[in-house]
Amino acid sequence: MATDAAAPHALLLPYPAQGHVIPFMELAHRLLDRGFAVTFVNTEFNHRRVVEAAPAAEGGRRLRLVGVPDGMDDGEDRDNLVRLNGTMQEAMPPWLEALLDGGEESAGGEGGLGRVTCVVVDVTMSWALDAAKRRGLPTAALWAASAAVLAVIVGAKNLICDGVNDDDGASVKLESSSSFRLAESMAPMDATFLVWNYMGNRDAERMVFHYLTTTAWAAVAKADLLLCNTFSDLEPDIFTHHSPPPSSPSARSAHGSAAAQQAARRRSSGTSGAPTTRPACPSSSCTSRSVA
1126 MATDAAAPHA
1136 LLLPYPAQGH
1146 VIPFMELAHR
1156 LLDRGFAVTF
1166 VNTEFNHRRV
1176 VEAAPAAEGG
1186 RRLRLVGVPD
1196 GMDDGEDRDN
1206 LVRLNGTMQE
1216 AMPPWLEALL
1226 DGGEESAGGE
1236 GGLGRVTCVV
1246 VDVTMSWALD
1256 AAKRRGLPTA
1266 ALWAASAAVL
1276 AVIVGAKNLI
1286 CDGVNDDDGA
1296 SVKLESSSSF
1306 RLAESMAPMD
1316 ATFLVWNYMG
1326 NRDAERMVFH
1336 YLTTTAWAAV
1346 AKADLLLCNT
1356 FSDLEPDIFT
1366 HHSPPPSSPS
1376 ARSAHGSAAA
1386 QQAARRRSSG
1396 TSGAPTTRPA
1406 CPSSSCTSRS
1416 VA
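Numbered per our numbering, the sequence shown spans residues 1126 to 1417.
1. Starting from Val-1320, trace the alpha helix (DSSP H) both ways and give me its first and last residue.
2. Assuming Phe-1161 and Ala-1132 are in contact, meaning their beta carbons sit under 8 Å apart, how far apart are those beta carbons, in whole angstroms?
3. Measure the beta-carbon distance from Ala-1248 to Trp-1268 and round it to whole angstroms, keeping in mind my assumption that it falls under 8 Å.
4. Quick one, are the C-beta atoms of Val-1241 and Leu-1254 less than 8 Å apart?
5. Does DSSP put Asn-1167 in a helix, in a strand, or in coil?
6. Quick one: what's Gly-1242 bridged to in DSSP?
7. Phe-1334 to Arg-1189, Cα distance in whole Å?
8. Since Arg-1203 contacts Pro-1141 with CB under 8 Å, what's their CB separation in whole angstroms?
9. Using only alpha-carbon positions, find the residue among His-1154, Gln-1143, Ile-1363 and Gly-1211 that is nearest to Met-1332.
10. Report the residue from Asp-1226, Asn-1205 and Val-1320 whose alpha carbon sits nearest the alpha carbon of Leu-1275.
11. Roughly how many whole angstroms lie between the Cα atoms of Ser-1372 and Gly-1280?
12. Which class does Met-1115 belong to by DSSP, given the choice of helix, strand or coil?
13. Does the Cβ-Cβ distance between Ala-1343 and Val-1245 come in under 8 Å?
14. Per DSSP, what kind of secondary structure is Ser-1304 in: helix, strand or coil?
15. When burial is assigned at 16 or more other CB atoms within 10 Å of the CB, is Val-1176 buried or exposed?
16. In three-state DSSP terms, what is Thr-1249?
17. Just how far apart, CA to CA, sit Asn-1322 and Ile-1285?
18. State yes or no: is the beta carbon of Ser-1251 nearer than 8 Å to at least one beta carbon in chain D?
19. Please state whether the Cβ-Cβ distance between Asp-1199 and Met-1213 is less than 8 Å.
20. Can you look up Ala-1266 in the DSSP assignment and give me helix, strand or coil?
21. DSSP puts Val-1191 in a beta bridge; with which residues?
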């Protein structure tokens, strides 16, 4: 077994919500089982909750739990996603840069984990990939939910093409005709139940739509490896029809367990470079197929 300082060292950064933190912690333990050291980065708010819930010794000395500021005051509502998503992008990057550069607790020295050698971020935190890229570190982006949902988000432009959603993600079809399919062999999905159409506040829904699509497209374009919290037998049609995600530039995808299998790297036939917020409809057939 390699010494801690010589072991590969992954920095993991989940989105600060329970449904994201738990899959990332599962991934952390898979990596620990394979000899990695792990720095697990939470917001300070969630870090306190994790430390209280988990024994300090869990994961041993190769798992380091770190809390960084999210830019919000102690008494502010973390359910205010509009504010949280904005303040995180302002407050967190300097702390992440310090961790990647081997800040005061990072490494070297007795009991240190060594410098970070790779970075795994939440798809919805893909703005953090830039810091890793500038340092030449291998990167991965983990989607904490099903591959089908990720395919919908990455292919959101096609929902707009098909007239299922408008440019802000709102369902524009009547409930009787708002269904679409990701593939002919798959059951129809109801657009009115997509996350950005089901929050009860149109301003929040608009923000969530643009935040999800922008960060997902950036993850696909920038990450060396794209992971989903799924396995191929659970969603065979998605991996048959949507690998890599359709109409996305520089697409890279991986399927299998969250612990990661080898990625199949392919370039899509669409445009190159970073995706824009409102890309033109692709000339090829749309990913979504409306159900009359």
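Think of the CB as a built atom: it goes at the ideal place given N, C-alpha and C, for glycine as much as any other residue.
On the basis of the data shown:
1. Element bounds for Val-1320: n/a, residue is neither H nor E.
2. 6 Å
3. Looking at the sequence itself, residue 1248 is Val, so the reference to Ala does not match. 5 Å between Cβ atoms; contact.
4. no
5. strand
6. The identity of residue 1242 in the sequence shown is Thr, whereas the question assumes Gly. Thr-1242 is not bridged to any residue.
7. 33 Å
8. 7 Å
9. Gly-1211
10. Val-1320
11. Low local confidence applies: a pLDDT of 34 at Ser-1372 is under 50, so the model's placement there is unreliable, with the coordinate-based value given in what follows. Their Cα atoms are separated by approximately 7 Å.
12. The shown model of the chain, from 1126 to 1417, leaves out residue 1115, and the question about it has no answer.
13. no
14. strand
15. exposed
16. helix
17. 14 Å
18. You won't find chain D in this structure, because it holds only one protein chain.
19. no
20. strand
21. Val-1166
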